[in-house]
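Its first residue numbered 374, the sequence shown is counted upward by one per residue in our numbering.
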Amino acid sequence: MSSGAKMAASLPQLDINWVRQQFPALRQTVNEQPAVFFDAPGGTQVPQRVIEVIANYLSTSNANTGGAFVTSRRSDQIIAEARAAMADFLNCAGDEVVFGPNMTTLTFALSRAIGRELKKGDELLVTCLDHDANVSPWVCLEERGVKVRTADIKPADCTLDMFDLSAKIRRSTRLVAVGWAANAVGTINDVSEAVRLAHAVGAMAFIDAVHYAPHAPIDVRALDCDFLACSSYKFFGPHLGILYGKREQLQRLRPYKLRACTEQLPDRWETGTQNHECLAGLIAAVDYLADLGRHHDPQASSRREALLSAYGVIRQHERVLAEQLIAGLLNIPGLTFYGIKDPSQFDQRTPTVAIHMVGRSPRELAAHLGECGMFTWDGDYYAIDLAERLGVLQSGGMLRIGLAHYNTADEVERLLVELQALAKSAGS
């Protein structure tokens, strides 16, 4: 019995029919073939309830906040409920949740505030495994005279070199920025150790959880990070960025803000009018995950408990699919696989993989699969340093296949059959 099968035996099996009924996009066809969404790392599909609440907000509650009338009060309530939903999602307090248009914008806002207290000789540490949204906002601070160092990877399996990361954290380090999971190759990093190492020298720890959030639960209290960013667009919601910050850090740092913003948390970190309709969608996305948990575990009493139950069945379902996908890919001649491929280490990866095929560019592969109704990404996906480190940047990057819990074994098999045919025709 495989490790994925053992995990499946210890948890309720994901009710994939119930899941797929929630997502209207999955009913599309392309060239008379069912659409298959293997593009989750770039943005997941959304449940019907998310679509409906966004439309309902715009129909019944569309107003700015703080007004003495009913639609404004509804907007105030939406914001409060969204903050409570994310507090349950992240296991933090509501005033530690900051909303913004996307993770990148929030990270730049935070980096500018942190930059105010940096001086020449200070150091920041990033990794070459990360999306550029967790690199460039920190590199931009070099204009203040700080030094930005980069932790290396182990190219054989695209895992973070923790020895190198540890060696580059010094007394002069002020912040360590690490991604929880790599959006290009799926590696899950040991962020607990990264946070511990950062705090040991008095540095702050910033975690990019954008790619991790659709696949596993987040507990910022247990992690003890100073900041964590994610995007609801990647966990079944609309385009919206979310930043967690420890209350003491959000109070201590001085953000760039308008005079109209109060000094209260989290208002001092939120610039301008928020996207209220997307906040309504965020609530629905979190509640979808909670309902998924309750569907499989009726004993889950709180929303937080229901979310943990949901991620339990999501993890085991995705683990089985990942084993099927990776085993099939490794049997295709002329295919290079980037990332963790040992099933005994699959707890250290998400079901996101990257490949290259002899005789076919990543763009050609993605275009052909797209015509067959299977959606994948080609390029570097803004993991620019990783693509350079692997030597694939100049050859079009890699083909990325990213699974979500709404994918099925039949869809994975369909992809593998098509890739086998492409490899055969490329080698003939």
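Here a beta-carbon is modelled for each residue, glycine too, at the ideal position from N, C-alpha and C.
Check, Outcome
"Residue range of the unbroken beta strand (DSSP E) whose run includes Trp-391", "Premise fails: Trp-391 lies in the alpha helix (DSSP H), 389-394, not in any beta strand (DSSP E)."
"Inter-residue Cα distance where the pair is Ala-657 and Val-470", "17 Å"
"Three-state secondary structure (DSSP) of Trp-511", "helix"
"For Asp-449: DSSP bridge partner residues", "Per DSSP, none; premise fails for Asp-449."
"Three-pair Cβ contact test at 8 Å for the stretch 541-551 versus the stretch 511-528", "yes"
"Any 3 or more C-beta pairs closer than 8 Å across the stretch 586-602 and the stretch 446-461", "no"
"Whole beta strand (DSSP E) elements within the stretch 718-742, 3-residue minimum", "725-730"
"Reference Ile-699, options Val-785, Glu-515, Leu-638, closest by Cα", "Val-785"
"Burial state of Asp-758, where buried means 16 or more other Cβ atoms lie within 10 Å", "buried"
"For Tyr-430, the residue or residues it bridges with in DSSP", "Beta-bridge pairing links Tyr-430 to no other residue."
"Close Cβ partners of Val-426 (< 8 Å) along its chain, the five nearest in sequence each way excluded", "Ala-653, Gly-654, Ile-656, Ala-657"
"Straight-line Cα distance separating Phe-609 from Glu-636", "32 Å"
"Cβ-Cβ distance between Thr-646 and Phe-411 below 9 Å", "no"
"Short Cβ contact (9 Å threshold) for Ile-542 with Leu-533", "no"
"Delimiting residues of the alpha helix (DSSP H) encompassing Ile-656", "649-669"
"Cβ-based neighbour list, Asp-495, same chain, cut-off 7 Å, excluding 5 preceding and 5 following", "Val-519, Ser-545, Arg-547"
"Cβ-Cβ distance between Asn-556 and Tyr-684 below 9 Å", "no"
"Test: Ser-604 CB closer than 9 Å to a CB of chain D", "Among the chains of the structure shown, chain D does not appear; only one protein chain is present."
"Host beta strand (DSSP E) of Glu-496 (start-end)", "496-500"
"Within 9 Å, strictly: CB atoms of His-729 and Leu-703", "no"
"Reference Phe-579, options Cys-603, Gly-732, Leu-742, closest by Cα", "Cys-603"
"Residue nearest to Ala-576 in terms of C-alpha spacing, selected from Leu-497, Arg-632, Ile-561", "Leu-497"
"Cβ-based neighbour list, Ile-389, same chain, cut-off 7 Å, excluding 5 preceding and 5 following", "Thr-781"
"Nonlocal neighbours in the same chain, by C-beta distance under 8 Å from Leu-358, ignoring five residues either side", "Outside the shown range of the chain (374 to 801) lies residue 358, about which nothing can therefore be said."
"Supposed contact pair Gly-712 and Val-726 - C-beta distance, whole angstroms, cut 8 Å", "6 Å"
"Proximity below 9 Å, CB of Gly-473 to CB of Lys-607", "no"
"Cβ shell of Ala-673 (< 7 Å), same chain only, five flanking positions each side left out", "Gly-666, Arg-667, Ala-679, Ser-682"
"Expected contact under 8 Å - CB spacing of Ala-436 and Ser-448 to nearest Å", "5 Å"
"Top-ranked residue by Cα proximity to Glu-405, from Ala-595, Cys-745, Met-771", "Cys-745"
"Where the alpha helix (DSSP H) containing Thr-480 begins and where it ends", "476-488"
"Beta strand (DSSP E) segment containing Val-470, residue limits", "470-473"
"Rounded separation between Asn-507 and Ala-573 - CA only", "22 Å"
"Helix, strand or coil at Gln-406 [DSSP, three-state]", "strand"
"Complete runs of the alpha helix (DSSP H) confined to the stretch 520-579 [at least 4 residues]", "535-540, 564-573"
"Counted within 10 angstroms of its Cβ, other Cβ atoms place Leu-616 as buried (16 or more) or exposed", "buried"
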